[in-house]
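All residue numbers in the sequence shown are consecutive under UniProt numbering, ending with 299.
Think of the CB as a built atom: it goes at the ideal place given N, C-alpha and C, for glycine as much as any other residue.
Worksheet: the structure to be examined is printed underneath.
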Amino acid sequence: MDFFELQAFLKLSQKLHFAKAASEVNLSSSALSRLITRLEEETGSVLFDRNNREVSLTQDGIRFAEFASKCLEEKQELLFDFEHRSDEVRGMLHVFASVTACYSIMPPFIRELSEKYPHIQLSIETGDPALAIPAVKEGRAELAVAAIPYENKLEFDTVHVSRSPLVFAASCDGPFTKISGSPQDIVSSVPLILPKAGLARRRFDSWVKSRNVKPVVSAEAEGNEAVMALAALGVGIGLVPKIVLDYGPYKEGFVYHSAGNALGYYDIGFVQKAQVTGSESVRRVRAAVTEILHSLDTL
């Protein structure tokens, strides 16, 4: 096996989708499939469970992913050390952020980091905000923009950046621009577009259960941007943090309805593991990142 094969394996372990992973490593789906088969033959183990509908890591695959990740990180560290024998802070920083976070939270951080530490390279994965904390827990990202968790505080180092209420977003061209009544009345009479997972969904489910409310759910989506795309079609009102409407492409074309105090606020910020592990280079990058984070102004 070689480094490219390990990189391709890791990409598939993250995407769990052959076509998407193959595109990112510049292979065809069939070529990626053959590569994985070669790795399985070489390791003498089944690394992925595959069928026509889904791909998942086996237990051996999880162990191999840990090995591959560590191997590639050590390779990167070694190359950096060979190429740059100086006191400059160098290394790779893996970040997970939603598309909205890339519009709103990330720019000041990236500007500061680039100015003070130009030799820190960024690898940014975008996706559903519900996946941000798991990405840090699993080690796929050293840093994430997320709704700051109230549980397991000792596990994470968090930096608060912004606070945003949860609201119901409606398309200006749709039938739900003018609705009235209490939050209970709205969710039981107006079609809703809800996130499939994450803090907003957990709060919503807990709230309707406590109020014995039967919501009208027209659709579920992965991520705030997907919720907004469906809301733009006029099929319902989407539950999102207001920050999604304040930044990026959703400033125009939408109105929002307050959820009152029923669903509370999102405390949004940067999240990283409290415990620092790894090589000296990794520790220096972490120290630099922490310095930048604590110097940021809140939104």
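- Counting only runs of 4+ residues, the alpha helix (DSSP H) found wholly inside the segment 129-207 occupies 132-137 and 183-189, in chain order.
- Cβ contact annotation for ARG283 (same chain, cutoff 8 Å, sequence separation greater than five): VAL276, in chain order.
- DSSP places LYS116 in the uninterrupted alpha helix (DSSP H) bounded by 106-116.
- Of the residues assessed, SER206 falls on the exposed side of the cut-off, its CB having fewer than 16 other CB atoms within 10 angstroms.
- Under the three-state reduction of DSSP, LYS242 is assigned to coil, being neither helix nor strand.
- GLY253 carries a coil assignment under DSSP once its states are collapsed to helix, strand and coil.
- Setting aside the 5 residues that flank it on each side, LEU154 is surrounded in the same chain by ALA274, each with a C-beta closer than 8 Å to its C-beta; the list follows chain order.
- ASP2 carries a coil assignment under DSSP once its states are collapsed to helix, strand and coil.
- Within a 10 Å sphere around the beta-carbon of GLN272 sit 16 or more other beta-carbons, which makes this residue buried.
- A distance of 7 Å or more separates the beta carbons of PRO149 and GLY198.
- Residue range 91-97 is occupied by the beta strand (DSSP E) that includes ALA97.
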